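Here's the structure we're looking at; comments come further down.
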Amino acid sequence: MKLDYLQALKRIDEARGAWVLHGQEPLLEQNLIDAFRSSWQKQEIERQRYDITSVSDWKTVFNALNSLSLFSNQLAIEVHGNIKPDASGLKELKNYLQHNEQNLLLVVMPKQDSSSLKTSFFQVIDANGVNVALTANYPKDRQQILAVEAQKLGIQLANDAWQWLEQHHEHNLLAAKNSLMRVRDTFADAEVIQIDHLYACLQDQSRYSTFDLSDALLAGNLAQSIKIFQYLIASGEPSSLILWSISKEMRLLMQLFEQPHNALQLGIWKTKVSAYQQALRRLNPQAFLNWPTLLLRIDSSIKGSGSENPEHLILQAISSMCGKELFQPFSA
116 MKLDYLQALK
126 RIDEARGAWV
136 LHGQEPLLEQ
146 NLIDAFRSSW
156 QKQEIERQRY
166 DITSVSDWKT
176 VFNALNSLSL
186 FSNQLAIEVH
196 GNIKPDASGL
206 KELKNYLQHN
216 EQNLLLVVMP
226 KQDSSSLKTS
236 FFQVIDANGV
246 NVALTANYPK
256 DRQQILAVEA
266 QKLGIQLAND
276 AWQWLEQHHE
286 HNLLAAKNSL
296 MRVRDTFADA
306 EVIQIDHLYA
316 CLQDQSRYST
326 FDLSDALLAG
336 NLAQSIKIFQ
346 YLIASGEPSS
356 LILWSISKEM
366 RLLMQLFEQP
376 HNALQLGIWK
386 TKVSAYQQAL
396 RRLNPQAFLN
406 WPTLLLRIDS
416 SIKGSGSENP
426 EHLILQAISS
436 MCGKELFQPF
446 SA
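First residue of the sequence shown? That's 116 in the numbering used here, and the numbers climb one at a time after it.
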């Protein structure tokens with residue numbers, strides 16, 4: 116049986132037989148291990164841990180699984196390593212799965228490639244045990260996982276704050292959870308955590324941030340915007356996060372142009388309303404027609420599906436938001 120992380124969390128108390136956890140997400144691995152250990156303690160299940168450094172270590176594991184102490188009715192064996200059982204060990208594994216319905220073998224492994232997942236060991240686990248891939252490949256999956264973490268911490272995030280958090284940490288779930296803990300402690304009285312809360316809490320000692328870029332863009336300061344952009348690129352800021360900040364400001368300006376009296380309803384902070392209004396007065400609405408296509412071109416170039424240079428395209432977006440033309444038409 117194959118389960119994902121969230122499905123596995125719901126079945127821990129009933130776990131028996133053999134479970135294998137594998138992946139490269141330390142937050143997911145640690146959460147599941149902690150949940151297993153808590154469940155074993157609650158059910159008074161004896162726990163033993165073994166680290167596999169050679170194939171022969173599996174013999175010790177199976178000997179332990181088949182022998183209970185005088186004080187235990189159930190046993191949980193926690194195994195860590197990346198060495199699979201050999202033919203003799205697989206025979207022991209099959210025998211254990213067929214005859215021992217009370218104990219649990221929990222194997223924790225690093226990320227496995229596609230060929231490893233096709234080996235006899237994983238075929239046995241898929242058919243008779245539980246195979247849990249510790250992955251979160253899609254934004255929806257990562258947000259669901261972090262939403263569970265936020266719920267445990269007793270906090271709630273605005274929708275765009277989730278997106279900012281993920282971009283800020285470049286999909287690092289463990290770092291994102293640590294940031295949730297930090298923002299919870301910093302803004303304990305906030306009903307809903309907004310982007311500004313995250314930024315105020317998580318900003319590092321960098322000279323500039325994407326928030327500085329947004330302010331310069333709204334002010335129409337092209338030289339400062341380019342200076343900040345170049346600094347962000349040089350300091351390793353993800354292009355996807357820079358694009359997210361620019362596209363957010365572009366969307367808000369276009370929406371405010373259509374709904375000039377609904378700034379607060381659109382999500383613009385009260386202290387920033389005048390900055391957006393001034394930007395609208397400065398900009399030519401005709402430029403708005405080109406923005407959606409330009410954003411799509413930038414997104415494609417960042418993802419590698421376009422042939423254009425993403426930094427050049429971002430510079431075009433920056434200049435357009437500042438009401439300037441980056442490339443002047445050539446005249447003879």
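Beta carbons are placed, not taken as given, at the ideal position from N, Cα and C, and that holds for glycine. Since the structure is predicted, the reported quantities are computational estimates derived from the model, not experimental observations.
Checklist line | Leu288 and Ala251 closer than 8 Å at C-beta | finding: A contact, by the Cβ cut-off of 8 Å.
Notebook entry, point to check: Quick one: what does DSSP say Ala191 is sitting in, helix, strand or coil?
Noted result: strand
Next item on the list: Report the rounded CA-to-CA distance for Asn96 versus Arg152, giving the unit in angstroms.
Entry: This structure cannot speak to residue 96, because the chain is shown only from 116 to 447.
Checklist line | Straight-line gap, Met255 to Trp277 (C-alpha atoms, nearest Å) | finding: It is Lys, not Met, that sits at residue 255 in the sequence shown. In this structure, the CA atom of Lys255 is about 10 Å from the CA atom of Trp277.
Margin query: Just list the residues that DSSP pairs Asp165 with in beta bridges.
Written below: Before going further, note that residue 165 is Tyr rather than Asp in the sequence given. In DSSP, Tyr165 forms a bridge with Val194.
Margin query: Tell me which residues share the same chain as Pro265 and place their Cβ nearer than 7 Å to its Cβ, disregarding the 5 neighbours each side in the sequence.
Written below: It is worth fixing the name first, because residue 265 is Ala in this sequence and not Pro. Same-chain partners within the cutoff: Gln271, Leu272 and Leu295.
Checklist line | Terminal residues of the alpha helix (DSSP H) in which Asn178 lies | finding: Asp172 to Leu180
Notebook entry, point to check: Considering only residues of the same chain and omitting the five flanking positions on each side of Leu121, which have a CB-CB separation below 8 Å?
Noted result: So the list reads Gln259, Ile260 and Val263, once near-sequence residues are dropped.
Next item on the list: Counting only runs of 4+ residues fully inside the stretch 213 to 251, write out the alpha helix (DSSP H) ranges in chain order.
Entry: The alpha helix (DSSP H) runs lying completely inside the stretch 213 to 251 and spanning 4 residues or more are 235 to 243, given in chain order.
Notebook entry, point to check: Going straight from the alpha carbon of Met224 to that of Asn146, what length do you get?
Noted result: 15 Å
Note to self: Excluding the 5 residues flanking Gly438 on each side, which residues of the same chain have their C-beta closer than 6 Å to its C-beta?
What the structure shows: In chain order, Gly335, Arg397 and Leu398 place their CB closer than 6 Å to the CB of Gly438, counting only its own chain and leaving out the 5 sequence neighbours on each side.
Notebook entry, point to check: Can at least three beta-carbon pairs, one atom from the stretch 191 to 205 and one from the stretch 234 to 242, be found at a separation below 8 Å?
Noted result: By the Cβ rule, the stretch 191 to 205 counts as touching the stretch 234 to 242, because three or more pairs are nearer than 8 Å.
Margin query: Run through the DSSP bridge pairs and tell me what Lys117 is partnered with.
Written below: Asn246
Margin query: Using C-beta distances below 7 Å, list every residue in its chain close to Ser362, excluding the 5 sequence neighbours before and after it, in chain order.
Written below: These residues qualify, in order along the chain: Leu410.
Notebook entry, point to check: Which term fits Gln320, buried or exposed, when burial requires 16 or more other beta carbons within 10 angstroms of its beta carbon?
Noted result: Note on Gln320: pLDDT 42, under 50, position unreliable in the model; no value is reported.
Margin query: Which runs of the alpha helix (DSSP H) at least 4 residues long sit entirely within the stretch 251 to 339? Give them in chain order.
Written below: You should have 254 to 268, 274 to 283, 288 to 301, 310 to 317 and 325 to 334.
Check: Can you tell me where the beta strand (DSSP E) with Trp134 in it begins and where it stops?
Finding: Gly132 to Gly138
Checklist line | Sequence-distant residues of its chain with Cβ nearer than 6 Å to Tyr323 (five each side left out) | finding: Ile343 and Tyr346
Note to self: Here's the rule I'm using: 16 or more other beta-carbon atoms within 10 Å means buried, otherwise exposed. How should Gly244 be labelled?
What the structure shows: So Gly244 ends up on the buried side.
Check: Is it true that the CB of Glu129 sits closer than 8 Å to the CB of Leu249?
Finding: No, Cβ-Cβ distance for Leu249 and Glu129 is not below 8 Å.
Next item on the list: Please name the residue in Asp275, His312 and Glu281 whose C-alpha comes closest to that of Tyr253.
Entry: Glu281
Checklist line | For Ile198 and Ala133, the rounded distance between their alpha carbons | finding: 16 Å
Notebook entry, point to check: Can you list, in chain order, the stretches of the alpha helix (DSSP H) that have 4 or more residues and sit fully within the stretch 360 to 423?
Noted result: 388 to 397 and 406 to 418
Next item on the list: Please classify Pro141: does DSSP put it in a helix, a strand, or coil?
Entry: helix
Margin query: I'd like the span of the alpha helix (DSSP H) that includes Ile433, first residue to last.
Written below: Per DSSP, Ile433 belongs to the alpha helix (DSSP H) from Pro425 to Met436.
Next item on the list: Sort Met436, Ile417 and Ala305 by Cα distance to Asn405 and report the nearest one.
Entry: Met436
Check: Can you list, in chain order, the residues of its chain whose CB lies under 7 Å from that of Gln339, leaving out five sequence neighbours each side?
Finding: Ala331, listed in sequence order.
Margin query: Taking the straight line between their C-alpha atoms, what separation do you get for Glu448 and Ile417?
Written below: Because residue 448 is not part of the residues shown, which for the chain are 116 to 447, the question remains open.
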